[in-house]
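Step one of this worksheet: look at the structure below.
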């Protein structure tokens, strides 16, 4: 591995479960790697790992994050290289071990070592506000807060924003973690009818900058079914384009924000599912 | 679409308003200790010093209003001194709220 890098640490978090953290970690990690960045995605959900499954690497896990922390394995032994993108690596969570094994010092050492070898470290946070979630955000330079336009998700995101502003290393140094709002499972037509919180509603309530809007789409489920990030599996689909745009914004590019409409064009209707 | 929404208002405005009120409160109290939790612990500790009660028979309710909030603590205390004449009175209840209310002889002796 090439040395001398200094990675940017990104946490993908939300508070609430089931809003799309793991899906978004996989999609953004793959998009970053596709754009030429060297990326490691880390699953912090000890006991309930799933990032391996979403990335299609579930049968290749030998060692995990806890093994590395305990010294059972060296970091390079635990990293799983993606078969499609040579720049993308996974550090899986352990499935069985006690989550108390996730120690603050251990995580700090792993992150410090990874920083010298990668351009991006993407930490997939577990739901909740317990140890796994606080350790996932601990070393973050930037955070993506995944939010569904729904009351409980927005409330939990607000809580997580509070933690990012108080419990991270950056916050303790008096600095600020760059916070980005990613709205997922968005139905434009429902919002237009006033049946769902609109983008403006969520932005007004949470008041952090928007990095992307991911439309609700069957492509997301299809991608996880086959174990491939949606940005690889269906790169031209609405959600994949939205994830690519969000990823480019993360890299500092200025991309106009589009509210993606998943209304199926005639082309898609004629040529079916794969063309979407 | 705007014309349509005039006739058929969705539930999103309600969601927005509820969130705005709730989060205004939660942000204010975020870095403070949990007042309700602290009061509950301290009140129960005082009661426990004097009587034996069943923790499952404690009801605590909070009503958060815009200007005044009330905390009501309702504790059911098994009446060990079961008066032979008054069999109907088997339990005493200690109720604390804005002004403490006592409901029986037994509790009167305490408060």
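Chains as they are written, first to last, in our numbering: chain A, 228 to 503; chain B, 23 to 133.
Beta carbons: idealized from backbone N, C-alpha and C, even for Gly.
Neighbourhood of residue i by C-beta distance below 6 Å, restricted to the same chain and skipping five residues each side
{"i": "residue 361/A", "result": "394"}
{"i": "residue 281/A", "result": "249, 253 and 451"}
{"i": "residue 75/B", "result": "97 and 99"}
{"i": "residue 79/B", "result": "98"}
{"i": "residue 338/A", "result": "366"}
{"i": "residue 493/A", "result": "Any reading at residue 493/A must be qualified, since the residue scores a pLDDT of 49, below 50, and its modelled position is unreliable; no value is offered."}
{"i": "residue 247/A", "result": "373 and 411"}
{"i": "residue 269/A", "result": "318 and 350"}
{"i": "residue 276/A", "result": "270, 319, 320 and 322"}
{"i": "residue 476/A", "result": "438 and 482"}
is_contact[residue i, chain B] using C-beta, thresh 7 Å
{"i": "residue 281/A", "result": "no"}
{"i": "residue 422/A", "result": "yes"}
{"i": "residue 383/A", "result": "no"}
{"i": "residue 432/A", "result": "yes"}
{"i": "residue 236/A", "result": "no"}
{"i": "residue 392/A", "result": "no"}
{"i": "residue 246/A", "result": "no"}
{"i": "residue 404/A", "result": "no"}
{"i": "residue 447/A", "result": "no"}
{"i": "residue 378/A", "result": "yes"}
{"i": "residue 439/A", "result": "no"}
{"i": "residue 242/A", "result": "no"}
{"i": "residue 401/A", "result": "no"}
{"i": "residue 428/A", "result": "yes"}
{"i": "residue 298/A", "result": "no"}
{"i": "residue 274/A", "result": "no"}
{"i": "residue 263/A", "result": "no"}
{"i": "residue 389/A", "result": "yes"}
Short CB-CB distance (under 7 Å) between residue i and chain E
{"i": "residue 355/A", "result": "No chain E is present in this structure, whose protein chains are A and B."}
Bridge-paired residues (DSSP) for residue i
{"i": "residue 347/A", "result": "235/A and 266/A"}
{"i": "residue 442/A", "result": "413/A"}
{"i": "residue 408/A", "result": "372/A and 437/A"}
{"i": "residue 80/B", "result": "97/B"}
{"i": "residue 240/A", "result": "372/A"}
Three-way DSSP call (helix, strand, coil) for residue i in this model
{"i": "residue 175/A", "result": "The structure shown does not extend to residue 175/A, since chain A is modelled only from 228 to 503, so the question has no answer here."}
{"i": "residue 423/A", "result": "coil"}
{"i": "residue 317/A", "result": "strand"}
{"i": "residue 395/A", "result": "coil"}
{"i": "residue 306/A", "result": "coil"}
{"i": "residue 51/B", "result": "helix"}
{"i": "residue 484/A", "result": "coil"}
{"i": "residue 477/A", "result": "helix"}
{"i": "residue 85/B", "result": "strand"}
{"i": "residue 273/A", "result": "coil"}
{"i": "residue 400/A", "result": "coil"}
{"i": "residue 352/A", "result": "coil"}
{"i": "residue 301/A", "result": "coil"}
{"i": "residue 33/B", "result": "coil"}
{"i": "residue 329/A", "result": "coil"}
{"i": "residue 75/B", "result": "coil"}
{"i": "residue 340/A", "result": "helix"}
{"i": "residue 245/A", "result": "coil"}
{"i": "residue 290/A", "result": "coil"}
{"i": "residue 42/B", "result": "helix"}
{"i": "residue 282/A", "result": "coil"}
{"i": "residue 377/A", "result": "coil"}
{"i": "residue 454/A", "result": "coil"}
Residue i at chain A interface by Cβ criterion, 7 Å
{"i": "residue 34/B", "result": "yes"}
{"i": "residue 66/B", "result": "no"}
{"i": "residue 31/B", "result": "yes"}
{"i": "residue 17/B", "result": "Nothing in the structure corresponds to residue 17/B, since chain B is present only between 23 and 133."}
{"i": "residue 38/B", "result": "yes"}
{"i": "residue 52/B", "result": "yes"}
{"i": "residue 93/B", "result": "no"}
{"i": "residue 41/B", "result": "yes"}
Own chain partners of residue i with C-beta closer than 8 Å, once the 5 adjacent residues on each side are dropped
{"i": "residue 430/A", "result": "408 and 437"}
{"i": "residue 398/A", "result": "391, 392 and 404"}
{"i": "residue 271/A", "result": "292, 320, 329, 350, 351, 352, 353, 359, 360, 362 and 363"}
{"i": "residue 296/A", "result": "328, 329, 330, 333, 334, 336 and 337"}
{"i": "residue 356/A", "result": "242, 386, 387 and 390"}
{"i": "residue 368/A", "result": "235, 236, 237, 397, 404 and 405"}
Other residues of its chain near residue i: CB distance less than 7 Å, five sequence neighbours each side excluded
{"i": "residue 459/A", "result": "257 and 311"}
{"i": "residue 61/B", "result": "93"}
{"i": "residue 259/A", "result": "266, 347 and 474"}
{"i": "residue 471/A", "result": "258 and 458"}
{"i": "residue 375/A", "result": "246, 411 and 412"}
{"i": "residue 315/A", "result": "256, 257, 260, 266 and 309"}
heavy atom of the ligand FMN below 6 Å from residue i C-beta
{"i": "residue 242/A", "result": "The ligand content of the structure shown is nil, which means the ligand FMN is not present either."}
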